[in-house]
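Peer 1: One structure, pasted below without further comment.
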Amino acid sequence: MSARLLSPDEPPAFTARNLGGASPLVLLCEHASNRLPRRLGDLGLPSEELRRHIAWDIGAAALAGALSRALDAPLFETGYSRLVIDCNRPLGVSASIPERSEDTAIPGNLALSAEDRRAREEALFHPFQNAVAAHLDARQAAGRPTAIIGVHSFTPIFRGIRRPWEAGVLFDGAKDFAMPLIEGLSASGLAVGENEPYRIEVGDDYTVPVHGDGRGLPALLIEIRQNLLADDAAARHWADRLVSPIRRALAAALPAKEPA
Ligand SMILES: [Zn+2]
25 MSARLLSPDE
35 PPAFTARNLG
45 GASPLVLLCE
55 HASNRLPRRL
65 GDLGLPSEEL
75 RRHIAWDIGA
85 AALAGALSRA
95 LDAPLFETGY
105 SRLVIDCNRP
115 LGVSASIPER
125 SEDTAIPGNL
135 ALSAEDRRAR
145 EEALFHPFQN
155 AVAAHLDARQ
165 AAGRPTAIIG
175 VHSFTPIFRG
185 IRRPWEAGVL
195 FDGAKDFAMP
205 LIEGLSASGL
215 AVGENEPYRI
225 EVGDDYTVPV
235 HGDGRGLPAL
245 LIEIRQNLLA
255 DDAAARHWAD
265 RLVSPIRRAL
275 AAALPAKEPA
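Quick note on numbering: the sequence shown equals residues 25 to 284 in our numbering.
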């Protein structure tokens, strides 16, 4: 395969929205889409596999968009499926271009050449990460208080076990940002997992360790159970529930000179 993965008429690798937003918060949605580049076909998967969680985070893009509007926050969202290359994983780890996701083999990801991998990195991974990094560089150079939230969704049942949480907050270094958010969400009656249903792994995650902790910026991931984000109205409802706890967590984590 040549280095060019996307044709000129296909959607871009990512979309940046509301870059001039006034909020100290920068939103990322790394698993926003289940789209595949045309030249990869269906990766050898039936369409029902491409509609479920292994391909994308169902409802996450709608939630991230609603949060961006409600908080006046910049948002970067990916345009292609994590099955092509996962923008929340470092390059080279097994989950970056997964040969298997949960219990599903991904035929189109088997036995890739170095050139195949590089084409995905250059077309999809680097454009997204470089745009996020440039935006964060500019904010930091300007001395703007900045925190980062990656918006995700998770499946209600994983390998036969029902997950009890409605929402999860995942963090590593940003305890001062995450704990007020967890407390705020819990106080509103939600079942919130602290570092559930996943944990941040420095060698296996990207947004939190690289864009956040690696720059000294407070960063966390919010995970919402996907059956609670069934349509746009549900996503807006969740954004409404999240806005006040996020504002309080930003105020707790960031310098007082520019309160959220
Ligand atoms: Zn996700």
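Beta carbons are placed, not taken as given, at the ideal position from N, Cα and C, and that holds for glycine.
If you scan the region 68 to 109 from start to end, which runs of the beta strand (DSSP E) of 3 or more residues do you find wholly inside it?
Peer 2: Within the region 68 to 109, the complete beta strand (DSSP E) runs of at least 3 residues are 99 to 102.
Peer 1: How many angstroms separate the CA atom of N112 from the CA atom of I173?
Peer 2: Roughly 12 Å between the two C-alpha positions.
Peer 1: Could you name the residues of the same chain whose beta carbon sits closer than 6 Å to that of G236, not counting the 5 residues immediately before and after it, in chain order?
Peer 2: Once the five neighbours on either side are set aside, the close Cβ partners of G236 are I172 and A243.
Peer 1: Just list the residues that DSSP pairs F182 with in beta bridges.
Peer 2: According to DSSP, F182 bridges with I185.
Peer 1: Between P114 and Y230, which are expected to be in contact by the criterion C-beta below 8 Å, what is the C-beta distance as a whole number of angstroms?
Peer 2: That belief holds up - the Cβ atoms of P114 and Y230 are roughly 6 Å apart, short of 8 Å.
Peer 1: Between the C-alpha atoms of A155 and I121, what's the straight-line distance to the nearest angstrom?
Peer 2: Roughly 21 Å separates the two Cα atoms.
Peer 1: Just how far apart, CA to CA, sit D110 and W80?
Peer 2: Roughly 10 Å separates the two Cα atoms.
Peer 1: Shorter than 8 Å, the distance from the beta carbon of E54 to the closest heavy atom of ligand 1, or not?
Peer 2: At least one heavy atom of ligand 1 is nearer than 8 Å to the Cβ of E54, so yes.
Peer 1: Nearer than 8 Å: is that true of the beta carbon of N112 relative to any heavy atom of ligand 1?
Peer 2: Yes - ligand 1 has a heavy atom lying nearer than 8 Å to the Cβ of N112.
Peer 1: Can you list, in chain order, the residues of its chain with a C-beta nearer than 6 Å to that of S26? Leave out the 5 residues immediately preceding and following it.
Peer 2: Reliability fails at S26, whose pLDDT of 49 lies under 50, so the model's placement of it is uncertain and the value that follows must be treated cautiously. Within the same chain, S26 has no close Cβ partners at all.
Peer 1: According to DSSP, is A37 helix, strand or coil?
Peer 2: It is coil, neither helix nor strand.
Peer 1: Tell me whether L278 is buried or exposed, calling it buried when 16 or more other Cβ atoms sit within 10 Å of its Cβ.
Peer 2: L278 should be labelled buried.
Peer 1: Cβ of E225 versus every heavy atom of ligand 1: is any distance shorter than 8 Å?
Peer 2: Because no heavy atom of ligand 1 lies under 8 Å away, the Cβ of E225 does not count as near it: no.
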